[in-house]
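Asks:
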Amino acid sequence: MNINNVKDKLNRYDLISFDIFDTLIYRCVGNPHNIFFVIEKVLCERYGNDYIGFAQKRIIAEHQAISFSDKEEILLDEIYKYLDINRKDIVCQLEKDIEIELSVVNFEIFKIYQECLKQKKRVVMCSDMYLDKGTIERILQKNRYTGYEQLFLSSDRNKRKSTGTLYQELIDETGVMSKKILHIGDNFISDYLHAKKKGIAAFHYSPVKRCKENYTYPYNIFYGDMPRKFSRNFYWEQVGKYSLGNFLFGYTKWLLKELEVDEYNHVFYLSRDGFIMQKAMEIMASEELIKKSSYLYVSRRALIVPSLYLYDGYKERCEIMYWKKHYTIKDFVSNFGIKYEDYEKKIEKIIENSNYVYGKDELLTNIELLNVYKYLEQTIEENSKKEYDLLIQYLNQEGFEGNVAIVDTGWFGNLQNAIEKIISAAGINAKVHGYYIGIRDKCRYFESQEMSAYLYFGEEHIQNQINEVRATAIVEAFFSHDEGSTKCYKKEKEIIIPILENNHSNMEKDKILNILQKSALDRVKQLNMLQTIDIKYYEPDVYFYGFCRIGIKPTLFDAWEVARFIENGEIHGTGYYLKHPGRIKQDTYKVNWKLAQLKRILRLNLNYMRIYDIVDSDQL
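All residue numbers for the sequence shown refer to the numbering used here, where the first residue is 545 and numbers rise by one.
1. Using only alpha-carbon positions, find the residue among Asn940, Phe990 and Gly768 that is nearest to Ile1038.
2. Based on the DSSP output, what are the partners of Ala997 in its beta bridges?
3. If you follow the beta strand (DSSP E) that Thr953 is part of, which residue opens it and which one closes it?
4. Using alpha carbons as the reference points, say which of Glu1012, Glu994 and Asp985 lies closest to Gly1002.
5. Would you tell me roughly how many angstroms separate the C-alpha atoms of Ile1110 and Glu617, rounded to the nearest one?
6. Using DSSP with H/G/I as helix, E/B as strand and the rest coil, what is Lys965?
7. Looking at the secondary structure, which residues open and close the alpha helix (DSSP H) in which Cys636 lies?
8. Alpha carbon to alpha carbon, what distance is there between Arg776 and Ser928?
9. Please determine, among Lys724, Val916 and Asp1085, the residue with the shortest C-alpha to C-alpha distance to Lys893.
10. Exposed or buried, which one is Asn1046 when buried takes at least 16 other CB atoms within 10 Å?
11. Assign Gln1163 to buried or exposed, taking buried as 16 or more other Cβ atoms, counted over all protein chains shown, within 10 Å of its Cβ.
12. Could you check what DSSP says for Tyr855 in three-state terms: helix, strand or coil?
13. Can you grab the Cα-Cα spacing for the pair Ile596 / Pro771, in whole Å?
14. Exposed or buried, which one is Leu803 when buried takes at least 16 other CB atoms within 10 Å?
15. Looking at the structure shown, is Glu912 part of a helix, part of a strand, or coil, going by DSSP?
16. Helix, strand or coil for Ile1056? Go by DSSP, reduced to three states.
17. Between Asp672 and Ile1018, what straight-line distance do the alpha-carbon atoms span, to the nearest angstrom?
18. Thinking Ile950 and Gly978 are a contact (beta carbons under 8 Å), I'd like their distance in whole angstroms, please.
19. Which term fits Phe1101, buried or exposed, when burial requires 16 or more other beta carbons within 10 angstroms of its beta carbon?
20. Can you list, in chain order, the residues of its chain with a C-beta nearer than 7 Å to that of Ala1107? Leave out the 5 residues immediately preceding and following it.
21. So the alpha helix (DSSP H) Val805 belongs to, where does it begin and stop?
22. Should Tyr841 and Ile873 be called a contact, given that it needs their Cβ atoms to be closer than 9 Å?
23. At what residues does the beta strand (DSSP E) containing Val550 begin and finish?
24. On the three-state DSSP scale, how would you describe Arg704?
25. Could you say which of Ser561, Tyr674 and Ile983 lies nearest to Lys615 if we only look at CA atoms?
26. How would you label Lys741, buried or exposed, when you count the other beta carbons within 10 angstroms and need 16 or more for buried?
27. With a threshold of 16 other CB atoms inside 10 Å of the CB of Ser613, please say whether the residue is buried or exposed.
28. From the DSSP output, in three-state form, read off Gly592 for me.
29. Cα-Cα, which of Gly678, Leu847, Lys686 and Val1013 is closest to Leu695?
30. Would you grab the beta carbon distance between Tyr716 and His727 for me? Rounded to a whole angstrom, and I think it's under 8 Å.
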């Protein structure tokens, strides 16, 4: 049997038995011994350096307890008799608490478990473990394992699977014939061979291989159970947990600390990236902070266009806009807030080739672009003023005044600059501070704007910026929201409402985004509930590692699966480009995640970061 057809064969059996550790649940630290290193760090933080070396002492103590015991199973309390440490009772309870907190559900087996309950099968747990029954019950409860009939634990019954005696007790006590029992577990000897010896049908579950067995603290808390390759059956759940979830938790923890420094009248999460940020904050923040937080419908287009009339001339107006490295005449006109189709015929008389692709460096030098702007200048200013008036009404409606915090992903401070320009012109009494994931070193507003950033700020933590830039397409896609971008505003019955772009909803993409973000928020909840382990303000790269794992070192499967989610269009691999070599450069320029494009084309185990840096998006 394989994991995919176990569910179909459950009807052959009356009773299903599950191993617990590394089957039903994982410890999220990779190697189980990493638990002891976590305990050591916690002890040193609480009580000082007397506990340095605890982890090694704990491993040795367990070996000694086993060697000197005449029982089939030893208990945790018996292990601690061989530990020469202070506060034994406190440390022993700490180990139990940390075992509970760092246990996580194994989704693969959880699906099988749920199917057993759905089919009304008798379900028991059968496990060799030194933890007491009460602790294991709390672990199972925490990970949503309910509805089972009995626990058969070596620590409770002094019998083991590894000797076969625990299986015999299971058969005798349940009254079920051995051939009508199916046992599922990860240990080939105790869960498979010894079960078979007792006539029990057995399924040997092979857990996925983890990235590393010995992460250093605190990485072992956040990534210790991360697979080397994400399961295809639970791919987006795992990506959501290890990339977005861990980082979202770290960012929100930092943001909470920052918001405590100043007393803000209002905290605004800017659409659309701010949606998931606000949801994470609602999990972690106080009621007081949540009450003064709002979701603000804005966008680059909805802020920049209304501010245009406040700037003088073509050069200044161009400088405040975000320009892609390459753009068409339609892109150029649309950036100024004008519907290209309304002026298409006249514009085509001004330019030679409407299909020409301009480079960013042509913006201030190309005479055709300047002539198109001059033709539209009055229209641009009139439209800008109209949108400005509606925007001001919207900001007043939402309570944008006083000491205000705005929260967004980043990267250049242009939205904050537009907001400050607009509220200053309107006489709105508001002081704005922006909080971001990152502010790039090319930002022009370090001196003029109040800003803070988590991952990097200008030239501070420049390596984090380099890593984030390589993964930007993923970061922006994962922080997005399944609604259209804000275009502008309109008035309906004295209320200003945002007008959103038609999202051209992709149902499959929306489904993936919902799975990804739900998993991420579940992870935030899980980490926020940790009480025994004090998750301090670790360096941002600890939390960003999951993004780096995909964005910088993607597997071939990542390069296909995540790219399908990110890219707006068809993506290709080696076979296609062997037939169409002329499309390589064009397609690589168009895709958002270029590193994955290189991975799909070359398919080799290469340093794609180096290749990406050599190719460089500026040259594409």
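Built from N, CA and C at the ideal position, the CB exists for glycine as well. As the structure is a prediction and not an experimental result, all values here were calculated from the model.
Replies: In short:
1. The question names Ile, but residue 1038 is Glu in the sequence shown. Checking every option, the nearest Cα to that of Glu1038 belongs to Asn940.
2. Tyr980
3. No beta strand (DSSP E) holds Thr953; DSSP gives it neither H nor E.
4. Asp985
5. 52 Å
6. helix
7. Lys632 to Glu645
8. 48 Å
9. Val916
10. exposed
11. Confidence at Gln1163 is low in this model, with a pLDDT of 38, below 50, so the placement of that residue is unreliable and no value is reported for it.
12. coil
13. 30 Å
14. buried
15. helix
16. helix
17. 42 Å
18. 5 Å
19. exposed
20. Ile1115, Trp1137 and Ala1140
21. Asn790 to Val805
22. no
23. Note, Val550: premise wrong, no beta strand (DSSP E); not H, not E.
24. coil
25. Tyr674
26. exposed
27. exposed
28. coil
29. Gly678
30. At residue 716 the sequence reads Asp, which differs from the Tyr that was named. Wrong, their Cβ atoms sit about 15 Å apart, outside the cutoff.
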